[in-house]
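Residue numbers (my numbering), protein chains in the order written: chain A, 1 to 226; chain B, 1 to 115.
The block underneath contains the structure these notes are about, expressed in structure tokens.
So, in structure tokens, the structure goes:
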């Protein structure tokens, strides 16, 4: 009956609210589940019951407080390469829309993953390195003048997957408008000789970037139960 | 030939009972990725006078059963309720099609008690 249907709909919305959702999601283009989320899910599922020691407000896999783990796909575009110094192999905007984070969620960990198409790239010459930098940027992708890189690393070899902890950077309030915008640059060390392509040695073959974010929801932030 | 065993009657005492919650039964199968359902259980049963130790009762519940035995109309028996619950994790799509893994506390009834 309509009365019953109204009651059920009210119950459903109050249940969804208690699950931290404003409405029943209806995924339009479901993406594959990131392997890291499957691993955490399976590990917890396989624990013997009852497991009193299991804390629902902690993500043991990363050793941080939190009860929500999300993986955001990069929505940024490639940027024109400039050659201020050395050989710039790759310049890309990384843009993560974090607007789904609820008011009151506290970020406890953020980890950027860069995945390349091949397993590894060796630097073309002994002693030569690839340099990777991540800059905070405006939403339009302009590096903010005078800003130091959030991350600066040198590699003799680039592996297929690189992980960077960005927790400290995000906690410092570098998340205007609940989005994260960064500029990624990979360059071959300056002063090197050889053709630009060979110096970059495939480091421009970026396949995907994603941001894993762990947050502590409101349910975990009040005084602990029992 | 062994004598016929007496028929097994379910215990009327307060304890956890099996309840499997299927997310497709509640119409959530489109957005919950895993699990498809889980054993949530529930509490049901009597909290009779005198309360036995295995009924996980509080001192208050013991006294309430005593008063109930003297005045059944005026004072109810204690309730059979969950006293220990454990969390589960759920993988789902949120309203922006992101995959989310969330740990939810108090989702599975492990023990019941008279309270």
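No residue lacks a Cβ here, since even glycine has one placed at the ideal position from N, Cα and C.
* Excluding five sequence neighbours on each side, which residues of the same chain lie with their C-beta closer than 8 angstroms to the C-beta of residue 109/A? -> Position 109 of the first chain, counted from the first residue, corresponds to residue 109/A. Excluding positions up to five away in sequence, the list reads 59, 62, 64, 66, 165, 167, 212, 213 and 214.
* Going straight from the alpha carbon of residue 100/B to that of residue 153/A, what length do you get? -> By 1-based counting over the second chain, the position of residue 100/B is 100. By 1-based counting over the first chain, the position of residue 153/A is 153. Looking at the backbone, the Cα of residue 100/B and that of residue 153/A are separated by about 30 angstroms.
* Asked: Which residues mark the beginning and the end of the alpha helix (DSSP H) in which residue 39/A is found?
  -> Here the question's residue 39/A lines up with position 39 in the first chain. Start and end: 35 to 45.
* Using the C-alpha atoms, what's the distance from residue 150/A back to residue 192/A? -> The residue you call residue 192/A lines up with position 192 of the first chain. The residue you call residue 150/A lines up with position 150 of the first chain. The predicted model places residue 192/A with a pLDDT of 48, which falls under 50 and marks its position as unreliable; any figure quoted below should be read in that light. Spanning the two alpha carbons is a distance of roughly 25 angstroms.
* Asked: Roughly how many angstroms separate the alpha carbons of residue 229/A and residue 188/A, rounded to a whole number?
  -> This structure does not reach residue 229/A, given that chain A is present from 1 up to 226, and the question cannot be answered.
* To which residues of the same chain is residue 179/A closer than 8 angstroms at the C-beta, ignoring the five residues directly before and after it? -> The sequence position of residue 179/A within the first chain is 179, counting from 1. So the qualifying residues of the chain are 95, 96, 97, 98, 99 and 139.
* Asked: Whose Cβ in chain A lies nearer than 8 angstroms to the Cβ of residue 82/B?
  -> As a first step, residue 82/B must be located in the second chain, where it is residue number 82. Per Cβ cutoff of 8 angstroms: no residues; residue 82/B is ~11 angstroms from chain A at best.
* **Contact set between residue 72/A and chain B, taken where Cβ atoms lie within less than 8 angstroms** => Translated into positions along the first chain, residue 72/A becomes position 72. 98, listed in chain order.
* To do: State the beta-bridge partners of residue 97/A as determined by DSSP.
  => Position 97 of the first chain, counting from 1, holds the residue named residue 97/A. Partner(s): 179/A.
* Asked: What number of angstroms, rounded off, separates the C-alpha of residue 116/A from the C-alpha of residue 157/A?
  -> By 1-based counting over the first chain, the position of residue 116/A is 116. By 1-based counting over the first chain, the position of residue 157/A is 157. Roughly 12 angstroms between the two C-alpha positions.
* residue 137/A beta carbon less than 7 angstroms from that of residue 182/A -> Within the first chain, residue 182/A is the residue found at index 182, counting from 1. Within the first chain, residue 137/A is the residue found at index 137, counting from 1. Yes; because the gap between Cβ atoms is below 7 angstroms, this pair is in contact.
* Asked: Are the C-beta atoms of residue 56/A and some chain B residue less than 7 angstroms apart?
  -> Walking along the first chain from the start, residue 56/A turns up at place 56. Under the Cβ criterion of 7 angstroms, residue 56/A is counted among the residues facing chain B.
* Tell me which same chain residues have a C-beta within less than 8 angstroms of the C-beta of residue 104/B, skipping the five on either side of it? -> As a first step, residue 104/B must be located in the second chain, where it is residue number 104. Excluding residues within five positions, the ones whose Cβ falls inside 8 angstroms are 87, 88, 89 and 90.
* Check each candidate in 29/B, 82/B, 50/B and 13/B and name the one with the smallest Cα separation from residue 63/B. => Residue mapping note: residue 63/B aligns to position 63 of the second chain, counting from 1. Closest by alpha carbon: 50/B.
* How would you label residue 77/B, buried or exposed, when you count the other beta carbons within 10 angstroms and need 16 or more for buried? -> Locating residue 77/B in the second chain gives position 77, counting from the first residue. Residue 77/B should be labelled buried.
* Outcome for residue 113/B when other beta-carbon atoms lying within 10 angstroms are tallied against a minimum of 16 -> As a position in the second chain, residue 113/B is number 113, starting the count at 1. Counting every other CB atom within 10 Å of its CB across the protein chains shown gives residue 113/B a total of 16 or more, marking it as buried.
* To do: Just mark residue 131/A as buried or exposed, buried being the case when its beta carbon has 16 or more other beta carbons within 10 Å.
  => Position 131 of the first chain, counting from 1, holds the residue named residue 131/A. Counting Cβ neighbours within 10 Å, residue 131/A comes out buried, since at least 16 surround it.
* Are the Cβ atoms of residue 67/B and residue 43/B separated by less than 7 angstroms? -> Looking up residue 67/B in the second chain gives position 67. Looking up residue 43/B in the second chain gives position 43. For residue 67/B and residue 43/B, no; Cβs fall outside 7 angstroms.
* **Option in 16/A, 111/A and 28/A with minimal Cα separation from residue 170/A** => Mapped onto the first chain, residue 170/A falls at position 170. Considering only alpha carbons, the answer is 111/A.
* Asked: For residue 48/B, which of 21/B, 69/B, 93/B and 95/B has the nearest alpha-carbon?
  -> As a working note, residue 48/B is residue 48 in the second chain. Out of 21/B, 69/B, 93/B and 95/B, 69/B has the C-alpha closest to the C-alpha of residue 48/B.
* To do: Can you grab the Cα-Cα spacing for the pair residue 54/A / residue 90/A, in whole Å?
  => Locating residue 54/A in the first chain gives position 54, where the first residue counts as 1. Locating residue 90/A in the first chain gives position 90, where the first residue counts as 1. Distance between the alpha carbons of residue 54/A and residue 90/A: 43 angstroms.
* Asked: Taking Cβ positions only, does residue 37/A come closer than 7 angstroms to chain B?
  -> The residue given as residue 37/A occupies position 37 in the first chain. By this cut-off, residue 37/A is an interface position.
* Determine which residues share a DSSP beta bridge with residue 115/B and list them. => Here residue 115/B corresponds to residue number 115 of the second chain, with the count starting at 1. In the DSSP output, where bridge partners are listed per residue, residue 115/B has none listed.
* Can you give me the Cβ contacts of residue 216/A inside the same chain, cut-off strictly under 6 angstroms, excluding the 5 residues immediately before and after it? => Against the first chain, residue 216/A aligns to sequence position 216. If we look at residue 216/A and ignore the five residues flanking it on each side, its Cβ neighbours are 65, 66, 106 and 108.
* To do: Taking C-beta pairs closer than 8 angstroms, name the residues in chain B that residue 21/A reaches, listed in chain order.
  => To locate residue 21/A, count along the first chain from 1; it is residue 21. Ordered by position in chain B, the residues that pass the 8 angstroms Cβ test against residue 21/A are 94 and 95.
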